[in-house]
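> With this note's numbering as the guide, the letters of the sequence shown map in order to residues 5 to 226.
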Amino acid sequence: MAETPELARDGRAGELDWWHAGVLCPHPTPGVCALVTLLDVELRARGYVHTHPVRHRLLTGPLGDTVDVVELAGRIERGLPYPFDLGGGMAGSDPDADARRLAGRRFPGTRVAYRAADLLDPPAGWREAFDLVVEVMTVQLLPEHLHGPAVERVAGFVRPGGTLVVIASARDEEGPVFAPPWPLTPAEIGAFAGHGLVADRIEDLREPERRRWRATFRRPSG
Numbered sequence: 005m006a007e008t009p010e011l012a013r014d015g016r017a018g019e020l021d022w023w024h025a026g027v028l029c030p031h032p033t034p035g036v037c038a039l040v041t042l043l044d045v046e047l048r049a050r051g052y053v054h055t056h057p058v059r060h061r062l063l064t065g066p067l068g069d070t071v072d073v074v075e076l077a078g079r080i081e082r083g084l085p086y087p088f089d090l091g092g093g094m095a096g097s098d099p100d101a102d103a104r105r106l107a108g109r110r111f112p113g114t115r116v117a118y119r120a121a122d123l124l125d126p127p128a129g130w131r132e133a134f135d136l137v138v139e140v141m142t143v144q145l146l147p148e149h150l151h152g153p154a155v156e157r158v159a160g161f162v163r164p165g166g167t168l169v170v171i172a173s174a175r176d177e178e179g180p181v182f183a184p185p186w187p188l189t190p191a192e193i194g195a196f197a198g199h200g201l202v203a204d205r206i207e208d209l210r211e212p213e214r215r216r217w218r219a220t221f222r223r224p225s226g
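Here is the structure:
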């Protein structure tokens with residue numbers, strides 16, 4: 005994807021093959037649309053986190069600075085300077101080392117052992133290994149066809165007698181969605197109970213500007 009900024013600046017973003025190219029787009033131009041996901045990945049690799057649980061265009065860095073990825077994508081498309089090399093800054097790095105370095109910078113006194121892993125291919129030792137698993141808006145960041153496998157992996161981390169807490173954006177079955185994150189449907193939130201877990205409580209929380217799930221599941225001891 006190193007050529008993406010150049011193609012966006014040349015008005016040739018339509019030549020790119022990315023997940024959002026074939027559906028209705030909420031972004032102002034194809035170039036911005038192509039760059040937003042790349043920027044999000046690059047910034048999160050550098051320790052930035054999403055500021056708002058639903059509106060993911062704003063990210064806050066380890067030092068407290070805030071970046072609007074849509075605005076930054078527009079700058080890149082217009083040929084204005086930007087502060088890092090897209091797709092190159094973290095290439096070849098060790099994700100575990102990155103996680104420890106970023107966590108140590110933000111929380112120098114922590115005793116937590118931070119690990120980074122592929123959710124869809126987690127370490128074998130994580131199977132039914134944890135008393136408490138907290139899933140906060142991770143599954144919904146994946147394309148919809150990966151929701152099922154991701155739900156299965158998350159549920160599989162809970163040991164007998166353990167608890168899973170899930171926080172996610174919500175929508176109705178077949179409800180419209182135009183860009184990531186892909187809020188979970190009732191069937192998807194209920195699917196966490198389909199892998200040896202039972203649902204303790206599933207709350208459908210509705211506020212004026214957002215709707216979300218708050219749910220707890222447990223794996224029976226016996």
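By construction, the Cβ of each residue, glycine as well, lies at the ideal position given by its N, Cα and C atoms.
Predicted, not measured: the structure shown is a model, and the values here were computed from it.
Compute the beta-carbon to beta-carbon distance between Val40 and Val73, rounded to the nearest angstrom, for a pair I have assumed lies under 8 Å.
The count along the sequence shown starts at 1 and reaches residue 40 at position 36. The count along the sequence shown starts at 1 and reaches residue 73 at position 69. Sure, about 5 Å apart at Cβ, within 8 Å.
> Can you have a look at Gly78 and say buried or exposed, based on whether 16 or more other CB atoms are within 10 angstroms of its CB?
Along the sequence shown, one-based indexing puts residue 78 at 74. When all chains shown are included, Gly78 counts as buried.
> Around the C-beta of Val155, are 16 or more other C-beta atoms found within 10 angstroms, so that it is buried, or is it exposed?
In the sequence shown, the residue the question calls residue 155 occupies position 151. With 16 or more Cβ atoms within 10 Å of its Cβ, Val155 is classed as buried.
> Is it the case that the Cβ atoms of Pro187 and Ala174 are separated by a distance below 8 Å?
Taking the first residue of the sequence shown as position 1, residue 187 is located at position 183. Taking the first residue of the sequence shown as position 1, residue 174 is located at position 170. Yes, these two residues count as a Cβ contact at 8 Å.
> Which same chain residues, not among the five before or five after Ala203, have their C-beta less than 6 Å away from its C-beta?
By one-based count along the sequence shown, residue 203 stands at place 199. Answer for Ala203: Ala197 and Phe221, listed in chain order.
> State yes or no: is the C-beta of Trp217 within less than 8 Å of the C-beta of Val170?
Counted from its first residue, the sequence shown places residue 217 at position 213. Counted from its first residue, the sequence shown places residue 170 at position 166. The answer is yes: Cβ separation under 8 Å.
> In or out: Val162 buried (at least 16 other Cβ within 10 Å) or exposed?
Taking the first residue of the sequence shown as position 1, residue 162 is located at position 158. By the neighbour-count rule (16 or more Cβ atoms within 10 Å), Val162 is buried.
> Mind checking whether Arg205 and Gly166 have CB atoms under 8 Å apart?
The count along the sequence shown starts at 1 and reaches residue 205 at position 201. The count along the sequence shown starts at 1 and reaches residue 166 at position 162. No. Outside cutoff.
> Taking only the alpha-carbon atoms, compute the straight-line gap between Gly200 and Ala159 and give it to the nearest angstrom.
In the sequence shown, the residue the question calls residue 200 occupies position 196. In the sequence shown, the residue the question calls residue 159 occupies position 155. Going by the C-alpha atoms only, they are around 8 Å apart.
> Let me check one thing: in DSSP terms, what residues is Ala170 bridge-paired to?
On the sequence shown, position 166 is the one that residue 170 refers to. Residue 170 is actually Val in this sequence, not Ala. The partner list for Val170 (beta bridge, DSSP) reads Glu139 and Ala219.
> Please name the residue in Ala172, Pro180 and Ala191 whose C-alpha comes closest to that of Arg210.
In the sequence shown, residue 210 corresponds to position 206, counting from 1. The shortest C-alpha separation from Arg210 is found at Ala172.
> Distance check for Cys37 and Tyr118, CA to CA, integer angstroms please.
On the sequence shown, residue 118 is found 114 positions in, with the first residue counted as 1. On the sequence shown, residue 37 is found 33 positions in, with the first residue counted as 1. Cα to Cα, the separation comes out at about 32 Å.
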